[in-house]
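Taking it in order: structure first as structure tokens, then the write-up.
Residue numbers (this note's numbering): 1106 to 1418.
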């Protein structure tokens, strides 16, 4: 066995022993265990997603459906749809069309069961002055703009979310392998394995990851009952979440929620492996930009201008 493999196994086993002891102590203190406690204990002892066999995964998804149906009062479908063959997802965003309305933000919140209180957003829309030569330096932006109407004269907008990097620095720093890159290019997080250390947040140069500081709040009437284990199932307090290209949608051939929510058609999503896909046309025929290209993360998220350059670059 290689040293890397030994190190990986050691970190996972140590963590499981810690959680097992913790949950056993919690069970002893709360006996008799009610339904909610039973769910919590089972979650703590759950194995890493990549180590689950078919029967284990089927059982976990059934329990997740039961738990969420009980909690939100509606029938829930829980899936773990695997990647499709010959598929690597890419995203392109037309900055000459984006009007900064943030409909993509709230479409994402609703689709992905993100917390309303504390508020969690996986998409951030940044405002820049049109004469700003440093638009790729995210620190020169205003995230909290609030004019009466958008777009505001003299401004342009750059939405930012997980860039689904080919070389993701967030994956490299995770001490328990709770986050990884899937064959279709989507970077995922196993919420049950995340220990909340936030190393991935510090490593991400795009500020694309969010930490759940409090117990997430989702209105029952707004809960999306179609969930993916590695995507939009409700997260826990103390874990990190991020955009997954709406994995519950994309892996069954649908557009992401933000693409459908955009009122001006600024967002494009598709398969980089398909020569006939619209996103391939954009990459091959238009000048595209990637944020912070100099750091060699190789994002699969591209920006372009379809109606002139729009700003000085």
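Cβ coordinates follow ideal geometry from the N, Cα and C atoms, glycine included.
From the listed residues 1234, 1391 and 1403, the smallest Cα separation to residue 1409 is found for 1391.
Nearest neighbour of residue 1251 by Cα position, chosen from 1281, 1195 and 1204, turns out to be 1204.
For residue 1406, the enclosing beta strand (DSSP E) stretches over residues 1406 to 1409.
Using a Cβ-Cβ distance cut-off of 8 Å, the region 1305 to 1313 and the region 1368 to 1377 are not in contact, since fewer than three pairs of beta carbons, one from each stretch, lie closer than that value. According to DSSP, residue 1195 shares a beta bridge with 1375. In summary, residue 1400 is exposed, with fewer than 16 beta-carbon neighbours lying within 10 Å of its beta-carbon over all protein chains present. Annotation for residue 1246: no alpha helix (DSSP H) segment contains it, and DSSP assigns it neither H nor E. Rounded to whole angstroms, residue 1209 and residue 1309 show a C-alpha spacing of 21 Å. When the alpha-carbon of residue 1216 is set against those of 1402, 1361, 1412 and 1378, the nearest one is in 1361. With a minimum length of 3 residues, the unbroken runs of beta strand (DSSP E) contained wholly in the region 1283 to 1349 fall at 1284 to 1286, 1292 to 1294, 1314 to 1316, 1331 to 1333 and 1345 to 1347. Using a Cβ-Cβ distance cut-off of 8 Å, the region 1173 to 1180 and the region 1319 to 1336 are in contact, since at least three pairs of beta carbons, one from each stretch, lie closer than that value.
Boundaries for residue 1391: no alpha helix (DSSP H) harbours it, and the DSSP string shows neither H nor E there. Within its own chain, the residues whose Cβ lies closer than 6 Å to the Cβ of residue 1290, once the five positions on either side in sequence are excluded, are 1193, 1194, 1269 and 1405, listed in chain order. Measuring C-alpha to C-alpha distances from residue 1254 to each of 1207, 1221, 1295 and 1321 identifies 1207 as the nearest. The distance from the Cβ of residue 1231 to that of residue 1262 is about 7 Å, consistent with a contact at the 8 Å cut-off. Exclusion of the five residues before and after residue 1260 leaves 1232 as the residues of its chain whose Cβ lies within less than 6 Å of its Cβ.
In this structure, the beta-carbon distance from residue 1352 to residue 1377 does not fall below 7 Å. In its chain, beyond the 5 residues on either side, 1181 and 1183 have a beta carbon closer than 6 Å to the beta carbon of residue 1170. Of the candidates 1198, 1346, 1185 and 1188, the residue whose Cα lies closest to the Cα of residue 1387 is 1198. By the Cβ-count criterion, residue 1358 is exposed, with fewer than 16 other Cβ atoms from all chains shown falling within 10 Å of its own Cβ.
Counting the other Cβ atoms within 10 Å of the Cβ of residue 1354 gives 16 or more, which makes it buried.
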